[in-house]
Amino acid sequence: MIIESIHAEFGVRISGVDLSRPLDDEEFARIDLAINQYSLLLFEYQQMNDDRHLEFSHRFGQLEEEHVSYYSSGEVTYIGHIGNIDADGNMISARQIKSSTGNEMWHSDSSFREIPAMYSILCAYEVPAEAGETEFASARAAYQRLDQAIRDRIDGRVGIHDYIYSRTKVGEDAVTQGQRTYMHPVRQRLVRQNPVTGEKNVFVGSHVKQIEGMADDEAKALIEQLIKEIARPQSVYRHRWRAGDVVIWDNRCTLHRGCGYDDEKYRRRMHQTRVRGICPSIAEPLDS
Ligand code: OGA
Ligand code: MN
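Under numbering that gives the first Met the number 0, think of the first position of the sequence shown as 0, with each following residue one higher.
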């Protein structure tokens, strides 16, 4: 297994691993440590299908139900379809699915769940010939850069994350009635800490609408400032997808966003799983 850096602040490419067969315990332990250390892992030239994708994902823990169908129709699936291709392989307009435009704001997957997602694992099957990149940035590197005054403002604070809030920024019709009924705002720590490495990070993103105990205007400005700091241009890793790429990222300490593409012209077919977190972020142990 070869691990090479792909960005100065986070992210590595791992080669010499075939994700289409079961990993032995030693291989898996290296990958498990790497995701805690580097926050994003890229595996190229993989021969994936949904069964292999699910099997690999399960090594990290339990999986989340895909939230769009789950909260709309109650249907439980573990593979999320990202892009403009339906289950039968036909092209749909991604712009018809407004929730995917929501992916173009900096976010952490499932931070709107009481137990936010730990990892997302995305397999690329078909990618546009131009654009359609995904950008990532490290909220851990950003925490390192914050001055003490800002750390003092966020340490110990709680952000309110709300899917309905973030998705209706795209359009009132971007959420279903089922989502309005079942998806409630949740409390998440503004500063989290990795249980393996002890490193701290900021935890914000498009779903955050308020900070507990802070005036709305002040909170909005602070959230914006934090997202801007995390995603300053030189800190962004922009991933140009190729079919066969598998990327796993740590939602506890990174933000990402889609960059958009011409969905009338190009096919984009990606499948995603999300590994469930262990407990609510506010119940995670934290060094003071
Ligand atoms: C995701 C996501 C952005 C993209 O898969 O969670 O936000 O580029 N994707 O498709
Ligand atoms: Mn996402």
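We put the CB at the ideal spot given by N, CA and C, even for glycine.
- According to the DSSP assignment, Gln-209 belongs to the beta strand (DSSP E) that extends over 207 to 210.
- Assignment of Val-201 by DSSP, reduced to helix, strand and coil, places it in the strand class.
- Judged by beta-carbon spacing, Ile-120 lies beyond the 8 Å limit of Thr-253, meaning their Cβ atoms are not closer than that value.
- Val-235 sits in a strand when the DSSP states are folded into three classes.
- Taking 8 Å as the upper bound for CB-CB distance, Phe-202 and Val-185 are not in contact here, some 12 Å apart.
- If you draw a straight line from the Cα of Met-47 to the Cα of Cys-122, it is about 7 Å long.
- Partner residues in the beta bridge of Trp-248, as assigned by DSSP, are Leu-39 and Ser-119.
- Between Arg-112 and the set Ser-56, Asn-193 and Pro-279, the nearest pair of CA atoms involves Pro-279.
- Assigned with DSSP and collapsed to three states, Phe-27 falls in helix.
- Residue environment: Tyr-44 is assigned as exposed (fewer than 16 neighbouring CB atoms within 10 Å of its CB, all protein chains considered).
- Thr-180: not part of any beta strand (DSSP E); member of the alpha helix (DSSP H) spanning 176 to 181, first to last residue.
- In this structure the stretch 258 to 268 does not lie against the stretch 148 to 161, because fewer than three pairs of beta carbons, one per stretch, are closer than 8 Å.
- Uninterrupted alpha helix (DSSP H) stretches at least 4 residues long and entirely within the stretch 59 to 92 occur at 66 to 72, given in chain order.
- Of the heavy atoms belonging to ligand 2, none sits nearer than 7 Å to the Cβ of His-160.
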